[in-house]
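Student:
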Amino acid sequence: LRVARTIADLAGSADVRNPHVAEAVSFRIALSERAAPRQG
734 LRVARTIADL
744 AGSADVRNPH
754 VAEAVSFRIA
764 LSERAAPRQG
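Note that the numbering used here has the sequence shown beginning at 734, numbered continuously upward.
#1: Answer yes or no: do ARG761 and VAL736 have a C-beta to C-beta separation smaller than 9 Å?
#2: Roughly how many whole angstroms lie between the Cα atoms of ASP748 and ALA741?
#3: How about ALA757 and LEU743: are their beta carbons less than 9 Å apart?
#4: Once the 5 residues before and after ALA769 are set aside, which same chain residues still bring their CB inside 7 Å of it?
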């Protein structure tokens with residue numbers, strides 16, 4: 734939620750909305766995929 738708040742702030746939004754949360758989640762997924770050991 735803190736990342737979503739930062740994204741909302743950068744977008745100039747007073748409220749955290751669904752697109753801000755979605756973008757924050759996408760960052761989380763990308764980071765977890767990079768941190769996971771590769772199979773194969």
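Yeah, the Cβ is synthetic: ideal placement off N, Cα and C, and Gly gets one too.
Because the structure is a prediction, the values reported are computed rather than measured.
Tutor: Working from what's here:
#1: Cβ atoms of ARG761 and VAL736: closer than 9 Å.
#2: CA-to-CA, the gap between ASP748 and ALA741 works out to about 7 Å.
#3: no
#4: Same-chain partners within the cutoff: there are none.
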